[in-house]
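Asks:
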Amino acid sequence: MVYYCLGGQKFVRELQGGESFGIQNSLNMYLGLKEHTLIDSLLVIWPSGIRDSYYHLDVDRPYLIEENGCCTSHRDINPNLDIVQCKGEESKLQCSSGLTQWIWNTSETTEAINIKHPGIYFYKAKDSNHCLVQSKSIGLILDPIETPRLSNNYEKLICDGVYLPLSVIGYKHIKWWNGDTNIVQKIDQSGIYFATVQGLCQEFNTDTLHLTKIDPLTTPKVQVDTLFGPGKALLKGDREELNWYENESDQTPLFVGKNFESPELKASRQYWVEGFTSNPYQGIHGGMLKPVFESGAYHASFLNPEMFFNAYQDFILDSVTVFTDRAGVRIIELRDGNKKVLLSSKQDLVIGKNQIFLGFSVPQSKGLYSISTNEDNNKTALGTSSPRLERSNIGFYYPFFIQDKCRILTSSVSDAYYYAFFDWVIRPLDEICTSDRIAVPVVVNPVNNDDLKHQTNNIRVQQNKGRTYHFMSFWSYESSSNSGRPRTHII
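In the numbering used here, the protein residues as written are 17 to 507.
1. Looking at C-alpha atoms only, which residue of C111, L251, I99 and I93 is the closest neighbour of V456?
2. For a test of the three-state rule: what should DSSP assign to D392, helix, strand or coil?
3. Going by other Cβ atoms of all chains shown within 10 Å of its Cβ, with 16 needed for buried, is A128 buried or exposed?
4. Classify D241 as buried or exposed, calling it buried when 16 or more other Cβ atoms lie within 10 Å of its own Cβ.
5. Can you tell me the Cβ-Cβ gap for I66 and N84, rounded? I've got them flagged as a contact below 8 angstroms.
6. With I230 and E447 assumed to form a contact (beta carbons below 8 angstroms), what rounded beta-carbon distance in angstroms separates them?
7. Taking buried to mean at least 16 other C-beta atoms within 10 Å of its own C-beta, is N480 buried or exposed?
8. Go through the segment 61 to 141 residue by residue and report every complete run of the beta strand (DSSP E) that reaches 3 residues or more, in order.
9. Does DSSP put A327 in a helix, in a strand, or in coil?
10. Under 8 angstroms Cβ to Cβ from C367, same chain only, skipping five residues before and after it: list those, please.
11. Anyone know if the C-beta pair for I442 and I300 falls short of 8 angstroms?
12. Can you tell me the Cα-Cα spacing of T203 and F292, whole angstroms?
13. Buried or exposed, going by whether 16 or more other CB atoms sit within 10 Å of the CB of S89?
14. Considering only residues of the same chain and omitting the five flanking positions on each side of Q110, which have a CB-CB separation below 6 angstroms?
15. Which term fits H146, buried or exposed, when burial requires 16 or more other beta carbons within 10 angstroms of its beta carbon?
16. Kindly indicate the opening and closing residues of the beta strand (DSSP E) around G155.
17. Mind checking whether K395 and S388 have CB atoms under 8 angstroms apart?
18. Verify whether the separation of the beta carbon atoms of I372 and V336 is less than 8 angstroms.
19. Can you tell me where the beta strand (DSSP E) with V441 in it begins and where it stops?
20. Can you tell me where the beta strand (DSSP E) with S361 in it begins and where it stops?
21. Within its chain, find whatever has a CB closer than 7 angstroms to the CB of G353; leave out the 5 residues flanking it on each side and keep chain order.
22. Nearest-angstrom Cα distance between Q117 and S123?
23. Can the beta-carbon of V458 be found closer than 8 angstroms to that of R285?
24. Can you tell me which of the three DSSP states A343 falls into?
25. For a test of the three-state rule: what should DSSP assign to A211, helix, strand or coil?
26. Can you grab the Cα-Cα spacing for the pair A327 / T53, in whole Å?
27. Since I131 and L156 are thought to touch, with beta carbons under 8 angstroms apart, how far apart are those beta carbons, to the nearest angstrom?
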């Protein structure tokens, strides 16, 4: 029986052993300490009736307690970290000082030993009070298998003019695919990239980067506008994928689209425009491919299970595949760790296999996400809480990793079941590439209507930042809603 006091409160733990109490697998006892950093006192009552007391014990460490007053904590081994070495090498382990009667788990009885075989090592000894002490354990790893990783791997898209730095994390002795030995490579062309590194005991190949360079975008062609008097300018582009900006250095566009109409202008000014493309990544498959089960494909009708997962990077959950014997509508829900519905998708399923498009944008998060179905809809459409979707109860184990982007962790019921959502297809967010950003002038000429009666069509040349724009203009009168102001149309 063990009594211990924390902050004036008394706690009790009991450890029993022997045949009458069944199999005893451990003589370890764990004490809950909450936020306390010191044990006020510890009283041990042995089966013999002997009572041993100890005071002011530090927390977060194991103690070895013997009857008749011995209480010791773990002693160090020198070195005190796991050892990694190559075949044929030896390492020396040394006991803590001030001890006697050493015995290692190798049966050696010296203060120091030499080791060369992989395994776990520790010792027991007597301290100056003739109390038994036990050391911490260290491991010896021989000829370790290393898995060097590139700083960028799997698939990567880059825009024209962008250089991608490539290195091998944690390694300095590197031989790249092209024979170069610099630590960092700057790459800007489509291709497959990899390296060989010198590990502790032998060479290893890295993983692979598949790099695709996006073709450069052409500069937008814009039909500009000149106003005679205050008014709104209409700037016409040559494509829908255009970003329009107030200033050259702005990050957020005023407008996205082919044609931009300005607010009311009273003076000449310029806007800025750039073209863009949205370049999607290929889908990445993960999770179980299809249901595998025994004793039935469906769970209880009162259950509406969830599948929990982590997002290590931003990604799009494009689709999942479900299997059912009941046609009808299901509402698929993406939820956060607090069960708040973030996104949902209504799907009309047919009997059998259904690959359903979701298009859920999943931001990187330290917390959990889950995917499930809307229970109220299930009750309306099917008459049960269950979505009537097949699940697995054999042929898998958690977790499922989808590259370095997603981890399918478990189900809301237990690790023994994989529910409903098979063959996940995810992809990174689209790579957005832009063209050069160019200036688009708007000229406001304050003139009277009477002046225009004597004007004829003309050709005007305007110079802007080293570029020459050739405009052929003709004048026409607007409707009365625009106060009869003439407008110049520029071609």
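Ideal Cβ placement from N, Cα and C applies to all residues, glycine included. Computed from a predicted model, the values in this text were never measured in an experiment.
Replies: Straight from the coordinates:
1. The residue labelled residue 456 in the question sits at position 440 within the sequence shown. The candidate whose alpha carbon is nearest that of V456 is L251.
2. Looking up residue 392 in the sequence shown gives position 376. D392 falls in the helix class under three-state DSSP.
3. Counted from its first residue, the sequence shown places residue 128 at position 112. The residue in question, A128, is exposed, as its Cβ has fewer than 16 Cβ neighbours within 10 Å.
4. Here residue 241 refers to the residue found at position 225 of the sequence shown. Classification for D241: buried.
5. Taking the first residue of the sequence shown as position 1, residue 66 is located at position 50. Taking the first residue of the sequence shown as position 1, residue 84 is located at position 68. Sure, about 7 angstroms apart at Cβ, within 8 angstroms.
6. As a first step, residue 230 must be located in the sequence shown, where it is residue number 214. As a first step, residue 447 must be located in the sequence shown, where it is residue number 431. That belief holds up - the Cβ atoms of I230 and E447 are roughly 7 angstroms apart, short of 8 angstroms.
7. On the sequence shown, residue 480 is found 464 positions in, with the first residue counted as 1. Only weak support is given to the placement of N480: the predicted model assigns it a pLDDT of 44, under 50, and the value that follows is read from those uncertain coordinates. Exposed: under 16 other Cβ atoms inside 10 Å.
8. 67 to 74, 79 to 82, 86 to 89, 99 to 101, 107 to 111, 116 to 120, 128 to 131 and 135 to 137
9. Along the sequence shown, read from residue 1 onward, the residue named residue 327 stands at position 311. Of the three classes helix, strand and coil, the one that applies to A327 here is strand, per DSSP.
10. The residue labelled residue 367 in the question sits at position 351 within the sequence shown. According to the sequence provided, residue 367 is Ile. The question's Cys does not apply to it. Cβ neighbours of I367 beyond the five flanking positions: T340, D341, R342 and A343.
11. For the purposes of this step, residue 442 is identified with residue 426 of the sequence shown, where counting begins at 1. For the purposes of this step, residue 300 is identified with residue 284 of the sequence shown, where counting begins at 1. A contact, by the Cβ cut-off of 8 angstroms.
12. Here residue 203 refers to the residue found at position 187 when the sequence shown is read from its first residue. Here residue 292 refers to the residue found at position 276 when the sequence shown is read from its first residue. One point to set straight first is that residue 203 is Ile, not Thr, in the sequence displayed. In a straight line, the C-alpha of I203 is about 22 angstroms away from that of F292.
13. Within the sequence shown, numbered from 1, the residue matching residue 89 stands at position 73. Under this definition S89 is an exposed residue.
14. Taking the sequence shown and counting its residues from 1, one reaches residue 110 at position 94. Answer for Q110: N94 and A128, listed in chain order.
15. Translated into the one-based positions of the sequence shown, residue 146 becomes position 130. It is exposed - the Cβ of H146 has fewer than 16 other Cβ atoms within 10 Å.
16. For the purposes of this step, residue 155 is identified with residue 139 of the sequence shown, where counting begins at 1. From DSSP, the beta strand (DSSP E) with G155 extends over I154 to L158.
17. The residue you call residue 395 lines up with position 379 of the sequence shown. The residue you call residue 388 lines up with position 372 of the sequence shown. No, these two residues do not count as a Cβ contact at 8 angstroms.
18. Against the sequence shown, residue 372 aligns to sequence position 356. Against the sequence shown, residue 336 aligns to sequence position 320. For I372 and V336, yes; Cβs fall inside 8 angstroms.
19. Here residue 441 is taken as the residue at index 425 of the sequence shown, counted from 1. F438 to R443 is the extent of the beta strand (DSSP E) around V441.
20. Numbered from its first residue, the sequence shown carries residue 361 at position 345. Its beta strand (DSSP E) spans residues V357 to L365.
21. As a working note, residue 353 is residue 337 in the sequence shown. Correct list, in chain order: G383 and L384.
22. Residue numbering aside, residue 117 sits at position 101 when the sequence shown is read from its first letter. Residue numbering aside, residue 123 sits at position 107 when the sequence shown is read from its first letter. Those two C-alpha atoms are separated by around 12 angstroms.
23. Here residue 458 is taken as the residue at index 442 of the sequence shown, counted from 1. Here residue 285 is taken as the residue at index 269 of the sequence shown, counted from 1. Their beta carbons are under 8 angstroms apart, which means V458 touches R285 by this criterion.
24. Here residue 343 corresponds to residue number 327 of the sequence shown, with the count starting at 1. Looking at A343 - three-state DSSP - the assignment turns out to be coil, as it is neither helix nor strand.
25. For the purposes of this step, residue 211 is taken as the residue at position 195 of the sequence shown. If DSSP states are grouped into helix, strand and coil, A211 belongs with the strands.
26. Counted from its first residue, the sequence shown places residue 327 at position 311. Counted from its first residue, the sequence shown places residue 53 at position 37. If you take the alpha carbons of A327 and T53, they lie about 35 angstroms apart.
27. As a first step, residue 131 must be located in the sequence shown, where it is residue number 115. As a first step, residue 156 must be located in the sequence shown, where it is residue number 140. Yes, I131 and L156 are in contact; Cβ-Cβ is about 6 angstroms, under 8 angstroms.
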